[in-house]
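Asks: For our numbering, count along the sequence shown from 1 and bump the result up by 88.
Cβ coordinates follow ideal geometry from the N, Cα and C atoms, glycine included.
All values derive from a computational prediction rather than experimental measurement.
I have a structure I would like to understand better, so I am pasting it below and will then ask my questions one at a time.
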Amino acid sequence: MLGCKIITNNLNGCTHEGWFSSLTGHELINFVDSKRSEVIAKIADCIFEEQANRQEDIVVILNCYRRPQNLEMQIEAIRNQTIAPKEIWLWINYHEDNKNLNAHSLKVDKIFNNNFNWKFYGRFAAALLADSEYVAIYDDDTIPGENWHKNCLDTMKTTPGILGSAGVILDSQRYVEHERCGWPISNKNTTEVDLVGHAWFFKREWLKYLWQEKPPTWDNGEDIQFSFMAKTHGNIPTYCPPHPPDDRSLHGSILGNELGIDDKATSTNSAVSHGQFFSERDMCVQEGLKRGWQTVKKVKL
């Protein structure tokens, strides 16, 4: 995003609004920063009310890298799920931005504090240690609506699969050519997709497919690899549960634009060029297609 003009089809979340298409690079990030606190405060007042919650056999894994300031709100949102997890774990990838984090002050049950940045796959390695039926993994810019876990469990009853809050349907062998659903573009009904991100919900036993083979790169594409491997080796599909526009309590992410548009995101970070990031994702998609990945639209190389 930095130094680049954002190209949009005017359908993706906030991209239909005039201010989004009129701003670029740092101007866009600065504008979002100026509104961030105001929007977050209003939404937090509405969603974080104390309530009697039911607990299910779910372990949640949070990832901390460059947004430690989001953790307290994220943990509160997860504790206040109408169906709460039995434990919350915190995976910390090393970065200067979180060196002063007092993780033990947070309301989490287990902490993995690393002296190395394991990037995207580390948290999925931690998930192998979960003694639970389900695992839910959240990106560090993802705050779920209060009924997100309930939404996932209800979806599992009729369409079991890897579930997530941002669904991607590939249009071609290039990752950037895709359709989205979930919190970026509301879908009223459960939608089969090729991969999901931002918030995952899946049966712990399905992790064996992710780790069955070494991925083409450790630097990118864990979302692509998980869905590809599960579909190819276990016939496990991937779905985006309903994200109705009139009930955001069901959404897997309710502050995606407010927390995700900044210079911390790997896709917009100057240390990893925009082009390099998406080139790596193209490669991950193409490796899957070479090995027989059956996508929703039957994409071929």
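In whole angstroms, what is the alpha-carbon distance linking residue 368 and residue 323?
Replies: In a straight line, the C-alpha of residue 368 is about 25 Å away from that of residue 323.
Asks: Pick from 334, 289, 345 and 283: whose alpha carbon is nearest that of residue 372?
Replies: Closest option to residue 372, Cα to Cα, is 283.
Asks: Express the C-alpha separation of residue 389 and residue 198 in angstroms, rounding to a whole number.
Replies: Approximately 43 Å, taken between the alpha carbons.
Asks: I need the boundaries of the alpha helix (DSSP H) containing residue 167, first residue and last residue.
Replies: 159 to 167 is the extent of the alpha helix (DSSP H) around residue 167.
Asks: Starting from the C-beta of residue 285, find all residues in its chain whose C-beta is less than 8 Å away, skip the five residues before and the five after it, and write them out in chain order.
Replies: If we look at residue 285 and ignore the five residues flanking it on each side, its Cβ neighbours are 227, 252, 253, 254, 256 and 311.
Asks: With a 10 Å radius around its C-beta and 16 neighbouring C-beta atoms as the bar for buried, classify residue 243 as buried or exposed.
Replies: By the neighbour-count rule (16 or more Cβ atoms within 10 Å), residue 243 is buried.
Asks: Taking the beta carbon of residue 147 as the centre, do at least 16 other beta carbons fall within 10 Å, making it buried, or is it exposed?
Replies: Per the 10 Å Cβ criterion, buried.
Asks: Label residue 96 either buried or exposed according to how many other C-beta atoms from any shown protein chain fall within 10 Å of its C-beta, with 16 as the threshold for buried.
Replies: Interpretation of residue 96 is limited by its pLDDT of 47, a score under 50 that renders its predicted location unreliable; no figure is taken from the coordinates.
Asks: How is residue 226 classed by DSSP in three states: helix, strand or coil?
Replies: Correct three-state label for residue 226: strand.
Asks: Leaving out the 5 sequence neighbours to the left and right, which residues in its chain are closer than 6 Å to residue 370 when beta-carbon positions are compared?
Replies: Cβ neighbours of residue 370 beyond the five flanking positions: 262 and 263.
Asks: Could you please give me the residues that DSSP links to residue 347 through a beta bridge?
Replies: In DSSP, residue 347 forms no bridge with anything.
Asks: Between residue 192 and the rest of its own chain, which residues show a CB-CB distance below 8 Å, the 5 nearest in sequence each way excluded?
Replies: So the qualifying residues of the chain are 199.
Asks: Please list, in chain order, all residues of the same chain as residue 220 whose beta carbon is under 7 Å from its beta carbon, the five residues on each side excluded.
Replies: So the list reads 145, 146, 147, 174 and 292, once near-sequence residues are dropped.
Asks: Around the C-beta of residue 380, are 16 or more other C-beta atoms found within 10 angstroms, so that it is buried, or is it exposed?
Replies: The residue is exposed, with fewer than 16 neighbouring Cβ atoms inside 10 Å.
Asks: Would the segment 156 to 171 count as touching the segment 294 to 308 if we require 3 or more Cβ pairs under 8 Å?
Replies: These segments do not touch.
Asks: From residue 338 to residue 268, what distance separates their C-alpha atoms?
Replies: Between residue 338 and residue 268, the C-alpha separation is close to 17 Å.
Asks: Going by CA-CA distance only, name the one from 186, 195 and 179 that's closest to residue 206.
Replies: Among 186, 195 and 179, the Cα nearest to that of residue 206 is on 179.
Asks: Specify, as a first and last residue, the run of the alpha helix (DSSP H) that residue 211 falls within.
Replies: Looking at the DSSP string, the run of the alpha helix (DSSP H) that includes residue 211 is 210 to 214.
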